[in-house]
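This report concerns only the one structure given below.
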Amino acid sequence: MNFNDREEIIALTPQWKGERFPDGRPKVEDKYLDALYGMTLEEVWKPIFVLGYENQFVGGGLAPLQTLHEDGRKLVGRAVTCNFCPARPDLHETMFSIGAGEGRKGNYNQWVIDSLTERDVVVADMYDKIYKGTFIGGNLTTAIRTRTRNGGAVIWGGIRDVEQMKKVPDVQVYYRGIDPTPIRDFIMTGFNTVTHFGGAVCLPGDIVFGAGGGVLFIPSHLVAEVVEGAVKTHVKDDFGFEMISQNRFTTAQIDRNTWTEEMLDLLQEWIRTDPRGEQYRYLDWGKEYELARNGDPSDTQTAL
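Going left to right, the sequence shown walks through residues 1402 to 1705 as the working numbering numbers them.
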């Protein structure tokens, strides 16, 4: 086996048809990452969920995550994934030898951080290890910031040196717990492969969207569609609030996944004539009109 294997990454992400990084990860365009900063968790989540991607969010219910900064800043970037397991001498010897053969230096977590490029986000399954499971501290957070510029990490495990970490600018980190111990007694079992924890699945090159107390992993091949869908949800909300306040439509009508042609016509008129709609005039609503005419089989209840 190999770590961070280009052919494996390409095989895991066949629906991505665009440019790739040298390691094989999908290279989602920066413009989509930029657009995500202006969107809410619910706006981004909905287009994924209705397409059947129901295991992409982590952070709620029985799997809460803590955030390094609680000032509303978002975490947006391209996933670099890694998986770990508890120590076992023979397995450690095998895995460390593989890494050494690939020219990797330092400990397992340093291998990952040394690979980062601009706008990457580490997604690490530390099997919920907090005591001696502190994946990053002050030094490695500084390294993440240096390499990614405005990235960060999602750690299913621990962190340390929190006071130092908070002084590192332009990063955000989601994690499970804090402990003063350094990282010990762990083995890397995968690097840029399938990672899953807290009920969510992440592939290398997925777009990490951390906001509102949790993290969403957006499949790379869906990002353009998700961003456009989120924008449409946003403008429909703006228009819908006004229609409800004018008593022109009920909440039941507005909240449906599929709007009628009459509602879409009024929405189009609002976008064309209201200054608030100017930024949305590039959107194509052909699919929505087709669903309005032919019916949407998934629209059996009010919108999510």
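Virtual Cβ for every residue (Gly too), placed ideally from N, Cα, C.
Work out the CA separation of residue j and residue i for me, nearest whole Å.
i       : j       : result
Tyr1661 : Ala1653 : Note on identity: in this sequence residue 1661 is Thr, with Tyr being the wrong assignment. One C-alpha to the other measures close to 12 Å.
Asp1638 : Gly1453 : 23 Å
Cys1483 : Gly1599 : 15 Å
Leu1705 : Leu1442 : Low local confidence applies: a pLDDT of 49 at Leu1705 is under 50, so the model's placement there is unreliable, with the coordinate-based value given in what follows. C-alpha separation (whole angstroms): 13 Å.
Asn1405 : Glu1455 : 26 Å
Arg1694 : Met1440 : 29 Å
Pro1415 : Gln1647 : 48 Å
Met1402 : Pro1490 : 18 Å
Leu1434 : Asn1510 : 25 Å
Ala1436 : Val1628 : 7 Å
His1635 : Arg1682 : 13 Å
Leu1692 : Asp1656 : 15 Å
His1470 : Asp1515 : 24 Å
Val1563 : Glu1663 : 54 Å
Glu1508 : Thr1495 : What sits at residue 1508 in the sequence shown is Asn, not Glu. Each residue's alpha carbon lies about 14 Å from the other.
Asp1529 : Ile1645 : 45 Å
Glu1503 : Val1513 : 13 Å
Asn1658 : Gly1678 : 20 Å
Lys1432 : Asn1593 : 23 Å
Lys1506 : Leu1541 : 14 Å
Ile1619 : Ile1537 : 24 Å
Asp1675 : Leu1684 : 15 Å
Gly1687 : Thr1468 : 40 Å
Arg1561 : Thr1582 : 7 Å
Leu1463 : Arg1673 : 45 Å
Asp1472 : Gly1696 : 43 Å
Lys1567 : Ile1545 : 13 Å
Phe1497 : Val1451 : 42 Å
What does residue i pair with, by DSSP beta-bridge criteria?
i       : result
Met1589 : Phe1485
Leu1668 : Its beta-bridge partners do not exist; DSSP assigns none.
Asp1427 : The question names Asp, but residue 1427 in the sequence shown is Pro. Note: Pro1427 sits in a beta bridge opposite Arg1421.
Gly1450 : Just to set this straight, residue 1450 is Phe in the shown sequence, not Gly. None, per the DSSP bridge assignment.
Phe1404 : None; Phe1404 has no bridge partner.
Ala1554 : Val1523 and Val1574
Ile1579 : Ile1560
Thr1468 : Tyr1575
Val1459 : Val1616
Please go through the same chain and pick out, in chain order, the residues whose beta-carbon is closer than 6 Å to the beta-carbon of residue i, but skip the five residues on each side of it.
i       : result
Asp1521 : Gly1478, Arg1479, Val1481, Thr1549 and Gly1552
Leu1413 : Leu1604
Gly1630 : Pro1448
Gln1702 : Only weak support exists for where Gln1702 lies, its pLDDT of 46 falling under 50; the coordinates are left without a value.
Arg1407 : Asp1424 and Gly1425
Gly1614 : Gly1460
Gln1680 : none
Thr1590 : Asn1484 and Cys1486
Leu1492 : Ile1588
Glu1420 : Lys1428
Thr1596 : Thr1482, Asn1484, Val1524, Asp1526 and Cys1603
Determine, using beta carbons only, whether residue i and residue j come nearer to each other than 8 Å.
i       : j       : result
Met1527 : Ile1499 : no
Gly1611 : Asp1580 : no
Arg1426 : Ile1449 : no
Asp1586 : Lys1633 : no
Thr1543 : Val1524 : no
Ile1584 : Thr1535 : yes
Glu1643 : Leu1665 : no
Arg1474 : Ile1531 : no
Ala1488 : Ile1588 : yes
Gln1565 : Gly1539 : yes
Val1429 : Val1572 : no
Ser1621 : Trp1446 : no
Thr1518 : Phe1650 : no
Which residues in the same chain have their Cβ closer than 8 Å to the Cβ of residue i, if we skip the five residues on either side of it in sequence?
i       : result
Val1616 : Phe1458, Val1459, Gly1460, Leu1466, Leu1476, Val1555, Tyr1575, Ala1601, Val1609 and Phe1610
Leaving out five residues before and five after residue i in sequence, what residues of the same chain have Cβ atoms less than 7 Å from its Cβ?
i       : result
Phe1640 : Leu1668 and Trp1671
Glu1626 : Pro1448
Tyr1438 : Lys1475 and Val1477
Glu1444 : Ala1631, Thr1634 and His1635
Enumerated in chain order, which unbroken segments of the alpha helix (DSSP H) with a length of 4 residues or greater are wholly contained in the stretch 1471 to 1546?
-> Contiguous alpha helix (DSSP H) elements confined to the stretch 1471 to 1546 occur at 1490 to 1502 and 1509 to 1515, taking only those with 4 or more residues.
Enumerate, from N- to C-terminal direction, the unbroken beta strand (DSSP E) stretches of 3 or more residues contained entirely within the stretch 1595 to 1676.
-> Entirely contained in the stretch 1595 to 1676, the beta strand (DSSP E) runs reaching 3 residues are, in chain order, 1596 to 1598, 1601 to 1603, 1608 to 1612 and 1615 to 1619.
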